[in-house]
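What follows is a set of notes on a single structure, which appears directly below.
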Amino acid sequence: MSLLLLGLCVIVCGGFLALLLCNKPKLSSWLACAGVVVGSVLGLIPAITVLLNGAKESLRYDWSIPFGSFFIEIDPISALFLIPIFGLSALAAIYGTEYLWPYRQRKFLGVPWFFYNLLAAAMAVVVLARNAVLFLIAWEVMSLASFFLVTFEHEEKQNRDAGWTYLVAMHIGTAFLLAFFILLGSNTGSLDFDKIGNIAPSAANILFLLAVIGFGTKAGFMPMHVWLPEAHPAAPSHVSAVMSGVMIKTGIYGIVRTLTLLGQPPEWWAWLLIAIGVSSGVLGVLFALAQHDLKRLLAYHSVENIGIITLGLGLGVLGLSIGSPTLAVLGFAGGLFHVVNHALFKGLLFLGAGSIVHVTGTREIDHLGGLLKRMPWTGLTFLIGAVAISGLPPLNGFASEFLIYLGVFKDGISNGVQAVVLTLCIIGGLALIGGLACACFTKAFGIIFLGEPRTEHARHAHEVKLAMRIPMLILAICCILVGLFSPFLIRHAVFVITQVTSLDSQVVALELSETFAIMWRFVVAAVLLIVLAVFLAAMRKWMLRGRSVRSAGTWDCGYAAPSARMQYTASSFAQPLTYLFKPFLRTHSKSVSAKEYFPAESDFATETADISGRYLFEPTFNWINRTLSRLHWLQHGRLQIYVLYIALTLLVLLIWKMR
Amino acid sequence: MDNSIDTIMVLLVLMNLMLLGLSSLGTCIRVVAAQGITLGILPLVIHGGIFDIRLTLFSAAIVGLKGIVFPLLLSWAMRDVNAQREVEPFIGYGKSVIAGPLALAVCMWLGSRLPLPLDIVSPMVMPVAFFTIMCGLFLIVSRKKALSQVLGYIVLENGIYTFGMVLAEKQPLLVELGILLDVFVAVFVMGIVIFHINREFDHIDTDRLSSLRS
């Protein structure tokens with residue numbers, strides 16, 4: 001615990017030093033980065049220890065704030081979330097030193113670094129806090145710090161708008177959380193998590209709904225996800241990596257923690273989570289397919305992956321409520337394992353996207369092309385991330401999705417739970433998500449890295465510096481290693497799963513060792529596959545030995561003057577799928593096609609606006625705006641009148657109370 | 660003892676009424692200074708002349724700040740911006756003076772009804788504290804010059820101070836010092852604001868600032 005606190009202090013101190021020295025860009029970036037790296041390493045040690053031996057450690061100080069106490073505790077659930085928080089924050093910080101460097105002329109780099117360190121520390125406190133007041137304070141610091149990072153390039157209106165969307169969404173979420181904690185504390189009169197218990201079922205239902213909305217806004221459940229595709233592209237890329245990789249997971253953490261506080265769940269909670277999971281997953285990936293902006297595409301993939309995680313949690317809750325330990329263990333294990341895995345590959349992909357933006361200055365997929373030759377490291381690591389996020393074996397994305405599949409197959413179908421049809425829907429949904437994700441990343445990787453450059457930006461691209469390459473490389477290696485060692489890692493998840501499910505640890509261990517036996521085979525197959533690939537590569541090299549290899553243009557059907565514009569574009573690649581799912585996507589296309597015999601100027605553009613943004617939030621906020629504008633006459637813009645309002649209110653309240 | 664407290668209270672009421680009816684800013688500042696000095700003596704009187712070093716220091720600090728520093732700052736501000744008197748307030752001086760006793764009556768009634776957690780030294784204190792707060796608010800609302808509004812703010816704070824003096828009898832004076840610091844910052848900030856308003860617009864009429872609205 002002392003190491004952990006020391007680590008947090010180092011992170012925050014690094015941030016403050018960076019702020020103080022903000023007129024020295026190099027020093028402030030490295031100080032802040034060193035703070036995050038050292039603090040994270042210090043914090044990782046207790047987190048890993050607790051995860052492996054399951055011991056809890058807590059610390060409690062009284063606090064003069066009403067109902068507040070400085071009560072933090074590290075237990076296996078917190079430890080599981082702390083590992084990606086510290087790990088990814090440290091790697092992204094190293095990346096950020098180089099990424100932010102070009103801004104040094106225009107901006108004080110100390111300011112974003114200060115907020116970055118604050119964000120890293122606040123995320124850690126969120127998962128450690130065991131008092132609602134402390135939790136909400138950390139939660140709010142986290143939201144505000146990331147708001148200032150999202151609006152880092154506030155000169156552009158687009159980014160300011162994104163910042164506002166983010167701020168409003170976060171505060172709507174926090175409003176629900178406030179109600180949640182007040183209701184939670186009203187039973188026992190204390191807001192310390194360990195004193196909460198014995199909640200009446202009716203109150204528990206309301207609490208659960210409040211938590212799903214409040215935490216779900218942070219996590220990015222459909223339809224509360226609207227801030228994600230706005231805020232992620234606006235933030236600097238290493239911040240997007242942290243926000244998407246770990247910050248939105250604090251929402252998932254909140255839901256997991258709520259489940260442990262509320263006791264035995266009724267079945268409909270499970271179905272609600274599963275429904276949210278499947279709809280977020282499928283719609284998230286569909287919208288990702290229709291995007292032209294790389295970081296926006298990745299943001300929609302976060303919605304998709306949050307969907308998969310929620311699906312896992314939903315299955316776990318289903319297992320608990322119908323009394324099936326297999327489903328409970330595998331569902332939670334899959335969901336929570338995916339939390340870590342998503343942090344790895346989404347962090348990697350956002351860093352990769354950042355490298356592309358860094359050297360080409362554009363996020364438009366259709367402006368890129370042929371980058372694999374120019375940026376081999378970025379290309380390779382991006383490919384590994386893309387394979388992992390698509391859930392293809394043997395990488396880590398597959399491992400966690402496999403656990404969820406396994407749970408559904410083992411218990412959902414073989415034991416014939418209640419609704420085989422519904423479980424089939426889950427399997428179908430998950431398979432659809434995986435397939436579409438695969439299509440989407442084929443599109444992204446193919447258009448960006450393969451073929452020929454489409455614009456000058458892409459033509460002059462070059463590989464990024466070492467400080468940006470190393471974090472990507474580490475994350476890519478982690479994706480492979482976690483995939484290959486997933487059976488062993490799963491066996492060590494006993495304490496986490498025991499704590500989440502409150503099942504007997506023997507039962508959990510038994511289930512996990514059965515899973516180990518099954519997953520073991522897939523690892524053997526994966527290793528064989530890798531050996532085969534290496535063998536084939538070696539064989540090719542051996543056979544080509546001594547022969548001359550010549551590279552030439554691709555056969556172009558005899559056409560003599562091909563141009564880069566004749567390649568497939570991102571939109572045309574995704575068109576068959578977007579056409580198929582037209583009713584959900586509602587893509588608006590605008591085209592001026594040639595009608596004459598001879599070619600004239602023509603134009604084609606598509607835009608896929610977010611459905612919940614356009615059909616749910618926009619009308620709602622417009623209505624609120626219209627309604628509130630009726631109170632416009634109260635606003636005179638005169639100081640005296642406002643003070644008069646205050647004075648009159650005071651007087652009326654006093655007289656009303658004293659009469 | 661009661662007698663002296665009541666005397667101070669009556670003085671406060673009279674000063675408040677004076678502030679409502681005065682148009683010369685210089686005189687207003689002097690009245691506010693007198694009010695500050697009176698309030699500075701209040702803690703000593705409440706504790707019945709028992710010598711206490713902390714209390715004496717506190718009292719000296721109040722007299723120094725409310726009676727000397729703030730008025731000096733304000734006089735300088737007045738001289739700098741060259742505003743001698745409040746012209747055309749939103750509510751005229753005659754009406755203000757009539758409103759004063761009415762407000763006093765309401766405050767008397769309120770003070771008599773307000774339940775208090777502990778015995779207070781004099782039944783006069785609560786209504787007068789209320790009345791001072793009301794006067795401060797009234798000055799802020801009805802006057803146009805930024806300087807008058809600062810004065811109103813200080814009077815409002817004097818009211819809160821009187822209120823706190825009664826209730827926080829046995830409590831550490833830290834709270835009051837906190838309030839004082841607040842008001843110090845406020846005067847500081849408003850001084851800057853007045854300076855800037857004057858420099859940009861050549862006048863310190865806050866109501867005319869609304870032309871800045873887009």
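Chains P and L, in that order, give the protein sequences. FYI, my numbering numbers position 247 of the first sequence as 247, with every residue one higher than the one before it. Just add 659 to the spot in the second sequence (first one is 1) and you have my numbering. The C-beta atom is built at its ideal place from N, Cα and C for all residues, glycine as well.
Please work out which residues of its chain come closer than 8 Å, Cβ to Cβ, to residue i, disregarding the five sequence neighbours upstream and downstream, and give them in chain order.
i: P/Leu-183; result: Ala-203, Ile-206, Leu-207, Leu-210
i: L/Gln-743; result: Ser-683, Leu-684, Gly-685, Met-737
i: P/Gly-15; result: Ala-32, Gly-35, Trp-113, Phe-114, Phe-115, Tyr-116, Asn-117, Leu-118, Ala-121
i: L/Ile-880; result: Only positions 660 to 873 of chain L appear in this structure, which leaves residue 880 of chain L out of reach.
i: P/Val-494; result: Gly-54, Ser-505, Val-508, Ala-509, Leu-512
For a test of the three-state rule: what should DSSP assign to residue i, helix, strand or coil?
i: P/Thr-554; result: coil
i: P/Phe-16; result: helix
i: P/Tyr-597; result: coil
i: L/Asp-665; result: helix
i: L/Arg-744; result: strand
i: P/Val-464; result: coil
i: L/Ile-721; result: helix
i: P/Ser-589; result: strand
i: P/Leu-606; result: A small correction: the amino acid at residue 606 of chain P is Thr; Leu does not occupy that position in the sequence shown. The answer is strand: DSSP assigns P/Thr-606 an E or B state.
i: P/Ala-129; result: strand
Between residue i and residue j, which are expected to be in contact by the criterion C-beta below 8 Å, what is the C-beta distance as a whole number of angstroms?
i: P/Pro-84; j: P/Lys-195; result: At roughly 29 Å, the Cβ-Cβ gap does not stay under 8 Å, so P/Pro-84 and P/Lys-195 are not in contact.
i: P/Ala-476; j: P/Ile-94; result: Rounded, the Cβ-Cβ distance is 15 Å, inconsistent with contact.
i: L/Leu-732; j: L/Gly-850; result: 6 Å
i: P/Glu-304; j: P/Ala-328; result: Rounded, the Cβ-Cβ distance is 24 Å, inconsistent with contact.
i: P/Asp-366; j: P/Arg-454; result: 7 Å
i: L/Phe-717; j: L/Pro-702; result: 6 Å
i: P/Ser-321; j: P/Glu-267; result: 5 Å
i: L/Ser-807; j: L/Leu-798; result: 6 Å
i: P/Leu-262; j: P/Val-317; result: No, P/Leu-262 and P/Val-317 are not in contact; Cβ-Cβ is about 10 Å, not under 8 Å.
i: P/Thr-587; j: P/Thr-569; result: So it is not a contact: roughly 14 Å between Cβ atoms.
i: L/Met-783; j: L/Asp-665; result: 5 Å
i: L/Met-668; j: L/Ser-781; result: 7 Å
i: P/Glu-456; j: P/Gln-567; result: Between P/Gln-567 and P/Glu-456 the Cβ distance is about 16 Å, and since that is not below 8 Å, they are no contact.
i: P/Ala-129; j: P/Ile-48; result: Not a contact, Cβ separation roughly 20 Å.
Since residue i meets chain A, which of its residues come closer than 9 Å, beta carbon to beta carbon?
i: L/Arg-738; result: Absent here is chain A; the protein component of the structure consists of chains P and L.
Between residue i and chain P, is there a C-beta pair that is closer than 7 Å?
i: L/Ala-796; result: Residue identity check: residue 796 of chain L is Leu in the sequence provided, not Ala. So yes, L/Leu-796 belongs to the interface.
i: L/Val-787; result: no
i: L/Val-800; result: yes
i: L/Leu-769; result: yes
i: L/Arg-772; result: yes
What's the call for residue i, buried or exposed, on a 16-neighbour Cβ count within 10 Å?
i: L/Tyr-820; result: buried
i: P/Glu-511; result: buried
i: P/Arg-469; result: buried
i: L/Lys-804; result: buried
i: P/Thr-381; result: buried
i: P/Leu-191; result: buried
i: P/His-632; result: exposed
Suppose the cutoff is 6 Å on Cβ atoms and the five residues either side in sequence are ignored; what does the same chain contact list for residue i look like?
i: P/Thr-378; result: Gly-352, Ser-355
i: P/Ala-231; result: Val-150, Ala-162, Tyr-166
i: P/Lys-443; result: Ala-570, Phe-573, Ala-574
i: P/Ala-399; result: Gly-483, Ser-486
i: P/Gly-43; result: Leu-4, Gly-7, Phe-86
i: P/Ser-143; result: Met-170
i: P/Gly-216; result: Met-224
i: P/Gly-173; result: Gly-214, Thr-217, Lys-218
i: P/Ile-308; result: Gly-281, His-338
i: P/Gly-277; result: Gly-307, Thr-310, Leu-311, Gly-314
Residue i CB to nearest chain L CB: under 7 Å?
i: P/Leu-644; result: yes
i: P/Gln-640; result: yes
i: P/Leu-634; result: no
i: P/Leu-654; result: yes
i: P/Met-170; result: no
i: P/Met-662; result: Limits of chain P in this structure are 1 at one end and 659 at the other, which puts residue 662 of chain P out of reach.
i: P/Ala-647; result: yes
i: P/Met-123; result: no
i: P/Met-658; result: yes
Excluding the five sequence neighbours on either side, which residues of its own chain have a C-beta within less than 7 Å of the C-beta of residue i, listed in chain order?
i: L/Val-672; result: Leu-763, Val-787, Phe-790
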